[in-house]
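Participant: Residue numbers (my numbering), protein chains in the order written: chain A, 75 to 466; chain B, 5 to 407; chain C, 10 to 382.
Ideal placement from N, C-alpha and C gives every residue a C-beta, glycine not left out.
Values in this document were obtained by computation on a predicted structure and should not be read as measured data.
Next comes the structure, spelled out in structure tokens:
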């Protein structure tokens, strides 16, 4: 019909589609081939994929669990225990690694020669040693070298330090704890209201008050007043001080941190902090000197310059690489298995070995890690967009 | 300056501009004690350093028993590689030294002093007190091989370029053949005997070399205009980057044998290599994509205008430029892969870290964790620091970002 | 200079693409296929034939074609499977690998050992990486059914025990209330421990590690109050502790642990071979035939049962697909049960483990071989 058109075998669009279909067929064929091999092999052993095993009794114990767990629980619950342990150590790790990382990053920019050198030596050492070696060193070289429980070192508190871990005094919920939770909720609501009002005022007047500070103060105030009110009227404080003591083979009471947890936690924090420090340094250095000089010329004081000029701009550079550091930390927590901390990977390994269900366990485990990664990325992307808007 | 009489300084004439040099006291004042809080900070830091460093140094030099490292040095370096075959590893190293010497002479003819310094390292290693006579001789041969390479390169720089390229390309296959062996010339050394630093290095080298082409394909796929190819590449890259390396290794260990037809058997080490390659390819793809994105659009438009096909544009215009930009990033990826290979210890391989835990099981060395782990940490540190230093130099030498 | 670098990279790229393309034409977007090529070329020696395929006789054929047996063992259990300072595998389980090789090839040295962790062992067997697993593996119903494996005759009757420090004052299980107990993952021990402690209402915390080395390392460092595994394992491991006399094994036995060789389901001939090799060592002890007198006995005997065992009558070996001198070779090159036991665990060794249940039925033990006829 249309004599100017090229023949279809030379039409680029047609060719592209053909190439794609060929590619798709090849990929599908290849995946099918793998799947076929797998199913054949599994069928021979009577292990066709099924997640039924998750509802069976696990039969093994797990050393550390945030939710109640015993050998009578199901494999599914064991899996959740693993997930929660991973989340716990990652969340704490992220918070502390950020704090330490920022401190070291700022130290790295210090004009004090000694401070500066210490920070850069720290960064150069940590970044060039594998995390796993660091973890093993922390575990066997530091935490297991603490004195035995019988010769435990007892600090003020009392805090009991031994190679069984560190036990320290901790609040233990009493009968009034439940009531106190409502007080805390009230505090949160009030703080949110303060936040909202102050932001409005700030937008109207153009002079942004210290929103975060005021709302935090509101919350703390309500919490404090509520604490005393409950103690006074209900004759019992919401939390009782629970002190640890050595009882037979273990410490009883208080908060107990196992050597495995501490080794994993400190390894992750010290390792990631070195990377975060570099991110922070790059972020702060990215704010040009002219900005700071201009801010000072406008009459802002040092603190205002930091809060209103340097930080918002540095943050924009910091957030994306920081996201990947947080993701790395979460993924790196899987190295826990090497030092005996029951994280997701370790528990999944045990489940695999008691059930023989390699395919199902691997799939579940990867899916969980993948969703951690995706959730963190989504949240950080949202945050990144937000600060970009503020900065404009 | 030297000729002037000292009194001229005080005679009120024009002074030389102040230099950046200070007296010791002046330097201290500027850098450590400039204000009162800096002084405080410095003093506190010095005190903390004293508290931390003193016992550490005392331990390292007087209390630590380094015997465990000296006795097991061979295990740490090559694992259970048969003693009578170790010469093969040396041959590979000598060849590497020769190639490096040649490359040095051709590509960095002016950096003689650093070259001489590098040459000093094997000689220093040869002088170590506790190594065997065989290793001593080999370190000397190593230095000589490097020197011969350098000499050849300096003598005929033009003529040697082609042989150098051939050597560089052939090195990887030669290395594998040497370590693995080919019947009947060289006895096959099964991969389950590879261990220690040798295994660590091989895993990293194989991982980076094999994942390189895969990474390029994935990166091109991700930038492709074909939606299916693009989707597939994105899925692969993001899934692998979203999970920890141990899970990929776990999968390679447990599921790879299931995926393959029953005739094909692969052992532990190869499965770990497969896992590392699959993992590394996703990161490689992102690095290469970074390089691709840095190429201005004008380049491809110009290529199209000249009548080049899409294939030609990609392979002759875009990729060569992109890859050049990517070289330093590749070195960094190699370093992190080098460190990451320690994870294979979790799946039971005897790499440097795996060997360390085996050594610690020897009854006579129980409880020597600090010595052993400090030693292997030092090995990891020396290698990755040296490589990252070299990569920074390479970045400058290649002039990345300057063109 | 930089021109050279492009050139180099370009050629490297082409090389890589070629490498990927070798994977059978499907290598377009980076999958395991390229990896496979590398592996296949590298692993040619051991990809002899299909030995995961179910059926009669394929494993034996594969092993014979390959020329040696691949035996999965423990490399970290002194007395049962370990590497001596010369780099050779030694131990009770290792001797059974030699026995199987002797029965098939008439040469006990035709074995390749694969050291396996507790976790890897069943996967290695399922995927055909090894021919037989002889690695202190407990026979349980779940393992026999769910894992696609078959357990051959038990070579060692064991029970789970607990090792504690003498100065801890622990003498019975109940004293372990509140204790931390080190245990290896992927073992029946881990499950038995949970069961027994739950049954007795003892509150404890497990500390789980991947390998026996890590478990005992952590115990020695004082991470745990107690460590648990099979009693034989405790005995052999205790010897390697810094001060063996500071540690005691509690009397309590937590479980029955029959340990024996394991093969894949679906190859009955191979299963029979492994079973009868074990029985041959039992029978040898019952008849008083050992590696030293076997030639003598073979030359002089008139006993039809001995003749059947040593291949002089009845063509017993052919029924198994082996040579008729299969049992002769086992006893000649490796020895009867008593010899294997004495060599690895007996009074001459640091372990000095009493035979106990592992005596012949004639001496009141559990070792009882069906007749070879």
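#1: List, in chain order, every chain B residue whose beta-carbon is nearer than 7 Å to that of residue 215(A).
#2: For a contact defined as C-beta to C-beta under 8 Å, what are the partners of residue 432(A) on chain B?
#3: Quick one: using the 10 Å Cβ neighbour count with 16 as the cut-off for buried, is residue 167(C) buried or exposed?
#4: Answer with yes or no whether the minimum CB distance from residue 155(C) to chain E is below 7 Å.
#5: For residue 268(C), which three-state DSSP category applies?
#6: Using a Cβ-Cβ distance cut-off of 7 Å, determine whether residue 309(C) contacts chain A.
#7: Can you give, in chain order, each stretch of the alpha helix (DSSP H) that sits fully within the stretch 154 to 192 of chain C and has at least 4 residues?
#8: Would you mind stating whether residue 182(A) and residue 351(A) have Cβ atoms separated by less than 7 Å?
#9: Consult DSSP for residue 142(A) and reduce its assignment to one of helix, strand or coil.
#10: Is residue 195(C) close to chain A, meaning its C-beta is less than 7 Å from at least one C-beta of that chain?
#11: Please list, in chain order, the chain B residues whose beta carbon lies closer than 8 Å to that of residue 199(C).
#12: Taking the alpha-carbon positions, what's the residue 326(B) to residue 251(B) distance?
#13: Please return the same chain residues whose Cβ sits closer than 7 Å to the Cβ of residue 423(A), not counting the five positions on each side in sequence.
#14: Within 7 Å (strictly less), CB to CB, does residue 71(C) reach chain B?
#15: Please tell me whether residue 381(C) and residue 317(C) are closer than 7 Å, where the distance is taken between their beta carbons.
#16: Round the Cβ separation of residue 112(C) and residue 282(C) to the nearest angstrom and send it over; I've been treating them as touching at under 8 Å.
#17: With DSSP as the reference, label residue 242(A) as helix, strand or coil.
#18: If you measure from the beta carbon of residue 436(B) to each beta carbon in chain C, is any gap under 7 Å?
#19: So, with DSSP's three-state summary, where would you put residue 305(B)?
#20: Report, in whole angstroms, the separation of the C-beta atoms of residue 346(A) and residue 175(A), which I expect to be a contact under 8 Å.
#21: State yes or no: is the beta carbon of residue 269(B) nearer than 7 Å to at least one beta carbon in chain C?
#22: Would you kindly work out how many angstroms separate the C-alpha atoms of residue 83(C) and residue 325(A), rounded to a whole number?
#23: Have a look at residue 236(A) and residue 244(A) and give me their C-alpha separation to the nearest angstrom.
#24: Heavy atom of the ligand ATP less than 6 Å from the Cβ of residue 436(A), yes or no?
#25: What would DSSP say about residue 194(A), mapped onto helix, strand or coil?
#26: Once DSSP output is grouped into helix, strand and coil, what is the label at residue 232(A)?
#27: Determine the burial state of residue 350(B): buried for a count of at least 16 other Cβ atoms within 10 Å of its Cβ, exposed for fewer.
#28: Determine which residues share a DSSP beta bridge with residue 79(C) and list them.
#29: Return yes when the Cβ of residue 285(B) is within less than 7 Å of the Cβ of residue 218(B), no when it is not.
#30: Does residue 261(A) come out as helix, strand or coil in the three-state DSSP assignment?
#31: Strictly by DSSP, which residues pair up with residue 292(A)?
#32: Answer yes if the stretch 243 to 262 of chain C comes into contact with the stretch 162 to 179 of chain C, meaning at least three C-beta pairs across the two stretches below 8 Å, and no otherwise.
#33: List the endpoints of the continuous alpha helix (DSSP H) containing residue 101(A).
#34: Identify which residue in 134(B), 86(B), 47(B) and 59(B) has its Cα closest to the Cα of residue 74(B).
#35: Check whether the stretch 263 to 270 of chain A and the stretch 281 to 289 of chain A are in contact - that is, three or more C-beta pairs closer than 8 Å.
#36: Please state whether DSSP places residue 408(A) in a helix, a strand or coil.
Facilitator: Let's see:
#1: As a working mapping, residue 215(A) is identified with position 141 in the first chain. Those are 373, 374 and 377, listed as they occur along chain B.
#2: Position 358 of the first chain, counted from the start, is the residue given in the question as residue 432(A). Per Cβ cutoff of 8 Å: 258, 259 and 262.
#3: Residue 167(C) sits at position 158 when you count from the first residue of the third chain. By the Cβ-count criterion, residue 167(C) is buried, with 16 or more other Cβ atoms from all chains shown falling within 10 Å of its own Cβ.
#4: This model lacks chain E altogether, as its protein chains are A, B and C.
#5: By one-based count along the third chain, residue 268(C) stands at place 259. Under the three-state reduction of DSSP output, residue 268(C) falls in the strand class.
#6: By 1-based counting over the third chain, the position of residue 309(C) is 300. Taking CB atoms only, residue 309(C) has no neighbour in chain A less than 7 Å away.
#7: You should have found no qualifying run.
#8: Mapped onto the first chain, residue 182(A) falls at position 108. Mapped onto the first chain, residue 351(A) falls at position 277. For the pair residue 182(A) and residue 351(A), the CB atoms are nearer than the 7 Å cut-off.
#9: What you label residue 142(A) is simply residue 68 of the first chain in a count that begins at 1. Note: residue 142(A) maps to coil in three-state DSSP.
#10: One-based indexing of the third chain puts residue 195(C) at position 186. Taking Cβ atoms only, chain A reaches closer than 7 Å to residue 195(C), which makes this a yes.
#11: To locate residue 199(C), count along the third chain from 1; it is residue 190. For residue 199(C), no chain B residue has a C-beta closer than 8 Å to its own C-beta; the minimum C-beta separation is roughly 18 Å.
#12: In the second chain, counting from the first residue as 1, residue 326(B) sits at position 322. In the second chain, counting from the first residue as 1, residue 251(B) sits at position 247. CA-to-CA, the gap between residue 326(B) and residue 251(B) works out to about 31 Å.
#13: Position 349 of the first chain, counted from the start, is the residue given in the question as residue 423(A). Excluding five sequence positions before and after residue 423(A), the CB atoms of its chain that fall closer than 7 Å to its own CB belong to 411, given in chain order.
#14: Position 62 of the third chain, counting from 1, holds the residue named residue 71(C). Contact with chain B is absent for residue 71(C), since none of that chain's Cβ atoms lies less than 7 Å from the residue's Cβ.
#15: Translated into positions along the third chain, residue 381(C) becomes position 372. Translated into positions along the third chain, residue 317(C) becomes position 308. Yes, they are a contact pair.
#16: Here residue 112(C) corresponds to residue number 103 of the third chain, with the count starting at 1. Here residue 282(C) corresponds to residue number 273 of the third chain, with the count starting at 1. A Cβ-Cβ separation of about 7 Å places residue 112(C) in contact with residue 282(C) under the 8 Å criterion.
#17: For this step, residue 242(A) is matched to residue 168 along the first chain. Strand.
#18: Residue coverage of chain B in this structure runs from 5 to 407, which leaves residue 436(B) outside it and unanswerable.
#19: One-based indexing of the second chain puts residue 305(B) at position 301. Secondary structure at residue 305(B): helix, using DSSP grouped into helix, strand and coil.
#20: Within the first chain, residue 346(A) is the residue found at index 272, counting from 1. Within the first chain, residue 175(A) is the residue found at index 101, counting from 1. The pair is a contact, with the Cβ atoms about 7 Å apart (cut-off 8 Å).
#21: Residue numbering aside, residue 269(B) sits at position 265 when the second chain is read from its first letter. Cβ-Cβ to chain C under 7 Å: yes for residue 269(B).
#22: Position 74 of the third chain, counted from the start, is the residue given in the question as residue 83(C). Position 251 of the first chain, counted from the start, is the residue given in the question as residue 325(A). If you take the alpha carbons of residue 83(C) and residue 325(A), they lie about 36 Å apart.
#23: Stepping through the first chain from its first residue, residue 236(A) is reached at position 162. Stepping through the first chain from its first residue, residue 244(A) is reached at position 170. Across the structure, residue 236(A) and residue 244(A) are spaced so that their CA atoms are roughly 18 Å apart.
#24: You won't find the ligand ATP in this model; it holds no ligand whatsoever.
#25: As a first step, residue 194(A) must be located in the first chain, where it is residue number 120. In the three-state DSSP reduction, residue 194(A) falls in the helix class (H, G or I).
#26: Here residue 232(A) refers to the residue found at position 158 when the first chain is read from its first residue. Note: residue 232(A) maps to coil in three-state DSSP.
#27: The residue labelled residue 350(B) in the question sits at position 346 within the second chain. Flag for residue 350(B) reads buried.
#28: Numbered from 1 along the third chain, position 70 holds the residue referred to as residue 79(C). Paired residue(s): 121(C).
#29: One-based indexing of the second chain puts residue 218(B) at position 214. One-based indexing of the second chain puts residue 285(B) at position 281. Taking the C-beta atoms as reference points, residue 285(B) is found nearer than 7 Å to residue 218(B).
#30: Here residue 261(A) is taken as the residue at index 187 of the first chain, counted from 1. Correct three-state label for residue 261(A): helix.
#31: Within the first chain, numbered from 1, the residue matching residue 292(A) stands at position 218. Bridge partners of residue 292(A): none, in fact.
#32: Taking a cut-off of 8 Å on C-beta distances, the stretch 162 to 179 of chain C touches the stretch 243 to 262 of chain C, as three or more cross pairs fall below it.
#33: What you label residue 101(A) is simply residue 27 of the first chain in a count that begins at 1. For residue 101(A), the enclosing alpha helix (DSSP H) stretches over residues 86 to 118.
#34: As a position in the second chain, residue 74(B) is number 70, starting the count at 1. The candidate whose alpha carbon is nearest that of residue 74(B) is 134(B).
#35: Yes: the two stretches touch, three or more of their Cβ pairs being nearer than 8 Å.
#36: As a working mapping, residue 408(A) is identified with position 334 in the first chain. It is helical.
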